[in-house]
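A short write-up of the structure that comes next.
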Amino acid sequence: MADIDELDAAILAVLQRDARTSNRDVAAAVGVSPTTALDRTRALRDAGVIRGASLDVDLAAIGRPVQALVAVRIRPPSRPVIEEFRDWVGALPETLGVFVTTGDQDFIVHVAVPDNDALYAFVIDRLTSREEIADVKTSVVYKHLRRSVVAPDPSAVVPVRRRG
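According to the UniProt record's numbering, the sequence shown is numbered sequentially starting from 1.
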């Protein structure tokens, strides 16, 4: 885990709200010089804390308003079978995300499709046609609320330190 101090946490919060925020605006928001903000942001990237930026797309606006979480159990539950399924389902255009889990289900697959018929076709025609699928349970998502800013664990944040 990278050492995150209060300034790094503040920079992360600004960039998570809008990854397109200019360096000058990041610096102003956290109360440091643009050079310091740029150095800190680069250090966060180099440490792997910032892994990139993404675009939030309105799924309904692009014709995929129906979301679902599909719980999948695989048999036999061996590493090669699980990894092959993970890679296959992750590459499907309907798939937004794949969670490899413990417990009764091996995977939770987050999908977005045009309508209920497309969801039915995805589950019945695509998933259950695979021989390693032992069980599928589908839950339609009424509303997906996401946190836009994820703060570091407060116990892991160190006081601001002076850098060169």
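Note that the Cβ used here is the ideal one computed from N, Cα and C, for glycine as well. Fair warning: this is a prediction, and the values are worked out from it, not measured in the lab.
| What's the call for T94, buried or exposed, on a 16-neighbour Cβ count within 10 Å? | Indexing the sequence shown from 1 puts residue 94 at position 94. It is worth fixing the name first, because residue 94 is Glu in this sequence and not Thr. When all chains shown are included, E94 counts as buried.
| task | Please confirm whether residue 165 and A68 have their CB atoms less than 8 Å apart. | result | Absent from the model: residue 165. The displayed extent of the chain is 1 to 164, so no value can be given.
| field | Continuous beta strand (DSSP E) stretch holding V26: start and end | value | Position 26 of the sequence shown, counted from the start, is the residue given in the question as residue 26. It is not in any beta strand (DSSP E) - V26 instead sits in the alpha helix (DSSP H) that spans 23 to 30.
| field | Residues of its chain near T138, where Cβ-Cβ distance is below 8 Å and the 5 sequence neighbours each way are ignored | value | Translated into the one-based positions of the sequence shown, residue 138 becomes position 138. Around T138: A68, L69, V70, A71, L119, V123.
| Sub-8 Å separation of Q105 and R73 beta-carbons | For this step, residue 105 is matched to residue 105 along the sequence shown. For this step, residue 73 is matched to residue 73 along the sequence shown. Yes, these two residues count as a Cβ contact at 8 Å.
| task | Assess, as a yes-or-no matter, whether the region 32 to 42 is touched by the region 7 to 19 under the definition of 3 or more beta carbon pairs within less than 8 Å. | result | Contact between the region 7 to 19 and the region 32 to 42 is present: three or more C-beta pairs spanning the two stretches fall below 8 Å.
| query | Can you tell me the Cα-Cα spacing of T35 and R45, whole angstroms? | reply | In the sequence shown, the residue the question calls residue 35 occupies position 35. In the sequence shown, the residue the question calls residue 45 occupies position 45. Between T35 and R45, the C-alpha separation is close to 15 Å.
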